[in-house]
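Q: My questions all concern the structure below.
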Amino acid sequence: MREGTGRPVFSGVAIGRAYVYRHQQAELPGSCGDAAAEQKKFDEARETARAQLTELFEKTKREIGEEQAMILDVQMMMLDDLDYLEGVQDMIAGGASAAQAAHETGDAFSAAFAAMDDAYMQARSVDVKDMATRLVNILCGGKTGFSMEEPGILVAEDLTPSETVQLPKDKILAFVTRQGSSNSHTAILARIMNIPSLVQAQITLDDELDGKLMIVDGFEGHYYIEPDEATQAAMEKKRDEAQAYRQQLEAYRGKPTVSKSGRKLKLFANIGNPDDVKYVLEGDAEGVGLLRSEFLYLGRDTFPTEEELFEAYRKVVEGLQGRPVVIRTLDIGADKQVDYFGLEHEENPALGYRGIRICLTREDIFRPQLRAIYRASAFGPVCIMFPMIISVDEVRRIKAFCETIKAELTAEGIAFGEVELGIMIETPAAAVLSRELAKEVQFFSVGTNDLTQYTLAIDRQNAKLDEFYDPHHPAVLALLRMIAENAHAEGIWCGICGELGADLSLTETFLEMGYDELSVSPGRVLELRKKVCESEV
Amino acid sequence: MKEIKHVIADPLGLHARPAGLLVKEAAKNACNVTVAVNGTAVDAKRIMGVMKLAAKQGMELTLTFDGADEEAAAASMAEFLKANL
Numbered sequence: 387m388r389e390g391t392g393r394p395v396f397s398g399v400a401i402g403r404a405y406v407y408r409h410q411q412a413e414l415p416g417s418c419g420d421a422a423a424e425q426k427k428f429d430e431a432r433e434t435a436r437a438q439l440t441e442l443f444e445k446t447k448r449e450i451g452e453e454q455a456m457i458l459d460v461q462m463m464m465l466d467d468l469d470y471l472e473g474v475q476d477m478i479a480g481g482a483s484a485a486q487a488a489h490e491t492g493d494a495f496s497a498a499f500a501a502m503d504d505a506y507m508q509a510r511s512v513d514v515k516d517m518a519t520r521l522v523n524i525l526c527g528g529k530t531g532f533s534m535e536e537p538g539i540l541v542a543e544d545l546t547p548s549e550t551v552q553l554p555k556d557k558i559l560a561f562v563t564r565q566g567s568s569n570s571h572t573a574i575l576a577r578i579m580n581i582p583s584l585v586q587a588q589i590t591l592d593d594e595l596d597g598k599l600m601i602v603d604g605f606e607g608h609y610y611i612e613p614d615e616a617t618q619a620a621m622e623k624k625r626d627e628a629q630a631y632r633q634q635l636e637a638y639r640g641k642p643t644v645s646k647s648g649r650k651l652k653l654f655a656n657i658g659n660p661d662d663v664k665y666v667l668e669g670d671a672e673g674v675g676l677l678r679s680e681f682l683y684l685g686r687d688t689f690p691t692e693e694e695l696f697e698a699y700r701k702v703v704e705g706l707q708g709r710p711v712v713i714r715t716l717d718i719g720a721d722k723q724v725d726y727f728g729l730e731h732e733e734n735p736a737l738g739y740r741g742i743r744i745c746l747t748r749e750d751i752f753r754p755q756l757r758a759i760y761r762a763s764a765f766g767p768v769c770i771m772f773p774m775i776i777s778v779d780e781v782r783r784i785k786a787f788c789e790t791i792k793a794e795l796t797a798e799g800i801a802f803g804e805v806e807l808g809i810m811i812e813t814p815a816a817a818v819l820s821r822e823l824a825k826e827v828q829f830f831s832v833g834t835n836d837l838t839q840y841t842l843a844i845d846r847q848n849a850k851l852d853e854f855y856d857p858h859h860p861a862v863l864a865l866l867r868m869i870a871e872n873a874h875a876e877g878i879w880c881g882i883c884g885e886l887g888a889d890l891s892l893t894e895t896f897l898e899m900g901y902d903e904l905s906v907s908p909g910r911v912l913e914l915r916k917k918v919c920e921s922e923v
Numbered sequence: 007m008k009e010i011k012h013v014i015a016d017p018l019g020l021h022a023r024p025a026g027l028l029v030k031e032a033a034k035n036a037c038n039v040t041v042a043v044n045g046t047a048v049d050a051k052r053i054m055g056v057m058k059l060a061a062k063q064g065m066e067l068t069l070t071f072d073g074a075d076e077e078a079a080a081a082s083m084a085e086f087l088k089a090n091l
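Residue numbers (the working numbering), protein chains in the order written: chain A, 387 to 923; chain B, 7 to 91.
Shown next, in the form of structure tokens:
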């Protein structure tokens with residue numbers, strides 16, 4: 387038995403055959419001796435590549451989204467780049483084979499991009515390489531594909547966007563990659579697919595590994611190759627227990643969330659983009675308590691238009707089939723890589739120009755977003771929530787702006803529905819002022835991650851501070867109690883949308899404080915409902 | 007030869023997509039088109055070169071047109087730049 391570790395991306399246990407995925411790296415065939423023939427091969431390969439990319443572009447657009455598809459559009463343009471084509475031509479004229487020329491010229495361009503001192507351009511080097519690799523694979527026998535005869539665990543160095551699209555997803559039980567961060571393409575895909583995965587795994591990719599029995603423990607960040615009987619039995623038990631636990635929770639599907647003493651709680655889900663709606667329905671959430679808007683702005687080069695925003699919001703509203711959705715307006719700051727916002731580097735982005743502060747000073751960003759949300763409200767129940775509030779004055783300004791938007795839409799004859807306005811309570815200032823703020827809005831949602839970080843003055847990214855960090859710090863719990871009391875004193879509802887909301891050890895405390903709603907990852911809803919239904923509070 | 011200048015107003019600068027659009031626009035013309043930033047000039051019909059300029063918001067692009075259709079090319083490019091960059 388061999389074993390090792392990696393950074394877990396999704397909890398769960400997978401057991402299956404290992405499939406080693408490698409970028410085609412076999413020795414490239416030499417020239418046939420006739421430069422004209424090699425050039426013809428290259429030109430044909432380019433046509434095939436173009437056809438593949440066009441197909442992939444459509445598939446990606448359909449299955450994943452426009453954002454990811456744009457990556458492939460850039461690759462198609464690179465395929466037509468004269469600098470690249472001339473580089474290849476020169477090498478072929480100098481005696482190289484089509485495959486060697488495609489590969490080496492691609493490497494040279496990729497290296498040039500990687501050397502640029504602009505993070506966005508550096509990232510384009512992967513696109514050049516991806517495009518060149520595609521040509522090479524076509525020239526070396528048309529094998530760009532990778533097949534899995536039976537469900538198994540995919541082990542790779544790392545996966546490029548176009549590789550992840552081509553994978554036989556229905557057969558993948560887990561991903562294990564040597565590189566990649568928790569935000570890499572692979573990690574994002576794993577979370578969407580709900581499969582256990584490890585990134586930055588300490589593993590050697592040798593041919594020997596291919597086909598061996600492998601176990602991935604996504605709870606512990608551990609893998610085993612050719613496990614001994616005891617390990618295999620223990621892991622099978624763990625997997626079965628996880629399944630049995632999920633199975634047992636099924637009894638709570640479709641049930642109302644009411645404690646034994648009759649207290650009602652709404653269990654909503656936090657999601658990050660329209661495609662996640664299916665997980666809301668699968669998880670049996672009663673609505674969406676936090677739809678992050680950042681997905682609409684990240685991973686692109688220009689601001690989304692009002693139409694794009696509207697289409698995305700409308701897709702969520704319609705997908706939820708009458709369940710309410712709380713849309714949080716853009717909460718972005720200098721810590722996110724969105725070059726086109728032109729944000730200056732900040733020493734301390736958590737305390738900087740972010741969230742509502744950007745929206746209140748950049749009407750060109752705020753207006754299309756609010757118009758899009760109001761327009762989407764014509765299709766189902768919508769609430770809007772504003773992040774990073776610290777004063778009553780900010781809320782009044784926002785409300786006045788919303789009135790302007792509504793007046794504009796009315797004047798233009800555009801339909802919109804009744805929209806509740808609420809705020810995130812995530813700064814100590816907002817918590818302290820919650821009684822006054824409650825007079826201005828229709829609901830509160832407590833963002834416990836930021837509220838805790840700001841109250842304790844502890845940066846959660848800094849592992850050195852772990853010993854000082856207490857997620858159940860009495861100061862935070864006292865604020866939570868005060869916020870709920872103040873909300874109810876003014877007759878508005880309040881919820882929690884931070885990670886603390888899913889903390890089962892606090893569920894009864896939240897019930898007792900009187901919280902009306904908890905918003906958590908879709909996969910956590912059923913276990914929370916069980917907890918509430920079993921509670922005496 | 008004809009020359010036009012344009013200061014990039016787009017906050018994202020000349021990134022992949024706008025670079026692509028500019029190349030497509032340049033390729034419509036028969037004349038030679040170059041684009042230069044801070045003294046570095048590249049063929050405006052080639053995407054990788056244009057991207058490698060890494061031109062940012064506020065930088066001045068200098069485009070030159072050389073060939074029979076240079077007048078018309080410069081005029082339509084000026085329109086394009088105003089509308090897209």
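We put the beta carbon where it would ideally sit given N, CA and C, even for glycine.
All of these numbers come straight from a predicted model, not from anything done at the bench.
Please determine if the segment 7-16 of chain B and the segment 78-86 of chain B are in contact, where contact requires at least 3 C-beta pairs separated by less than 8 Å.
A: Yes, the segment 7-16 of chain B touches the segment 78-86 of chain B.
Q: Return no unless some Cβ of chain B is closer than 9 Å to the Cβ of A498(A).
A: A498(A) counts as touching chain B.
Q: Check distances from the C-beta atoms of the segment 458-472 of chain A to those of chain B and list, in chain order, the residues that come in under 7 Å.
A: Cβ contacts with chain B come from V460, M463, M464, D467, L468, D469 and Y470.
Q: Along the segment 898-920 of chain A, where does the CB come closer than 9 Å to a CB of chain B? Name the residues.
A: Flagged: no residues at all.
Q: At a CB-CB cut-off below 7 Å, which residues of chain B make contact with G728(A)?
A: Neighbours of G728(A) on chain B, chain order: P17 and Q63.
Q: I want to see whether chain B comes within less than 9 Å of T563(A), judged by CB atoms only; does it?
A: So, not an interface residue.
Q: On the DSSP bridge list, what partners appear for P394(A)?
A: BP columns for P394(A) point to L584(A).
Q: With distances taken Cα to Cα, identify the nearest neighbour of A485(A) among G640(A), P613(A) and V522(A).
A: For the residues G640(A), P613(A) and V522(A), the minimum Cα distance to A485(A) belongs to V522(A).
Q: For I14(B), go through chain A and note every residue whose CB falls closer than 8 Å to its CB, in chain order.
A: The contacting residues do not exist; I14(B) stays about 11 Å from chain A at best.
Q: Does V514(A) have its Cβ less than 9 Å from a Cβ in chain B?
A: At least one chain B Cβ lies under 9 Å of V514(A).
Q: Could you tell me which residues DSSP pairs with Y840(A) in its beta bridges?
A: Partner(s): none; Y840(A) has no beta bridge.
Q: If contacts are defined as beta-carbon pairs under 8 Å, then C788(A) and S831(A) qualify, I think. What distance do you get, rounded to the angstrom?
A: Contact flag wrong, Cβ pair sits at about 17 Å.
Q: Start and end of the alpha helix (DSSP H) containing D516(A)?
A: A505 to L525 is the extent of the alpha helix (DSSP H) around D516(A).
Q: Which same chain residues, not among the five before or five after T46(B), have their C-beta less than 8 Å away from its C-beta?
A: Correct list, in chain order: L59.
Q: First and last residue of the beta strand (DSSP E) that includes E9(B)?
A: K8 to V13 is the span of the beta strand (DSSP E), which, as asked, contains E9(B).
Q: For I53(B), return the contacting residues in chain A, with the cut-off set at a CB-CB distance below 7 Å.
A: Going along chain A in sequence order, the residues near I53(B) (Cβ under 7 Å) are M463, M464 and D467.
Q: Just grab the DSSP bridge partners of V832(A) for me.
A: The partner list for V832(A) (beta bridge, DSSP) reads I811(A) and I882(A).
Q: Using a Cβ-Cβ distance cut-off of 9 Å, determine whether R432(A) contacts chain B.
A: Closer than 9 Å: no.
Q: What residue from S645(A), M600(A), G887(A) and L897(A) has the CA that sits closest to T834(A)'s CA?
A: It is G887(A) whose Cα lies nearest to the Cα of T834(A).
Q: Interface residues of chain A around A60(B) at Cβ under 9 Å?
A: The answer, in chain order, is M502, D503, D504, Y506 and M507.
Q: I'd like the list of long-range same chain contacts for M65(B), defined as Cβ closer than 6 Å, with 5 residues on each side in sequence excluded.
A: Cβ neighbours of M65(B) beyond the five flanking positions: I14 and V43.
Q: I'd like to know if the segment 427-441 of chain A and the segment 603-621 of chain A are in contact, where contact means that at least 3 CB-CB pairs between them fall below 8 Å.
A: No: the two stretches stay apart, fewer than three of their Cβ pairs being nearer than 8 Å.
Q: Which ranges would you report for the alpha helix (DSSP H) in the segment 438-470 of chain A if only whole runs of at least 4 residues count?
A: With a minimum length of 4 residues, the continuous alpha helix (DSSP H) runs that stay inside the segment 438-470 of chain A are 452-465.
Q: Could you check what DSSP says for E66(B) in three-state terms: helix, strand or coil?
A: Correct three-state label for E66(B): strand.
Q: For the candidate residues D670(A), E627(A) and A870(A), whose alpha-carbon lies nearest to that of L897(A)?
A: Ranking D670(A), E627(A) and A870(A) by Cα distance to L897(A) puts A870(A) first.
Q: By a C-beta neighbour count over all protein chains shown, 10 Å radius and 16 as the cutoff for buried, is D852(A) buried or exposed?
A: D852(A) should be labelled exposed.
Q: Anything in chain A within Cβ reach of A22(B), meaning under 7 Å, just list it in chain order.
A: By Cβ distance, chain A contributes V460, R510 and D687.
Q: Can you tell which of N580(A), I809(A) and K785(A) has its C-alpha closest to the C-alpha of F605(A)?
A: Minimum Cα distance to F605(A) is reached at N580(A).
Q: Mapping the DSSP letters down to three states, classify T590(A) as helix, strand or coil.
A: If DSSP states are grouped into helix, strand and coil, T590(A) belongs with coil.
Q: Let me confirm a value: T813(A) is counted as buried when at least 16 other C-beta atoms fall within 10 Å, else exposed. Which label applies?
A: Flag for T813(A) reads buried.
Q: How is the alpha helix (DSSP H) around V663(A) delimited, first residue to last?
A: V663 to E668 is the extent of the alpha helix (DSSP H) around V663(A).
Q: Within the present structure, is the beta-carbon of G909(A) separated from the nearest heavy atom of the ligand HEM by less than 8 Å?
A: Annotation note on the ligand HEM: not contained in the displayed structure, which lists no ligands.
Q: Taking 9 Å as the threshold (beta carbon to beta carbon), is F772(A) in contact with chain B?
A: No, F772(A) lies away from the interface with chain B (no Cβ there is under 9 Å from its Cβ).
Q: Using 8 Å for Cβ pairs, my map puts Q586(A) next to G566(A). What's the rounded Cβ distance?
A: With 8 Å as the limit, Q586(A) and G566(A) qualify as a contact, their Cβ atoms being about 7 Å apart.
Q: Please determine, among A816(A), L837(A) and D836(A), the residue with the shortest C-alpha to C-alpha distance to V827(A).
A: Selected option, being the one with the closest Cα: A816(A).
Q: Residues in the same chain with beta-carbon distance under 6 Å from K701(A), minus the five sequence neighbours each way, listed in chain order, please.
A: Within the same chain, K701(A) has close Cβ partners P660.
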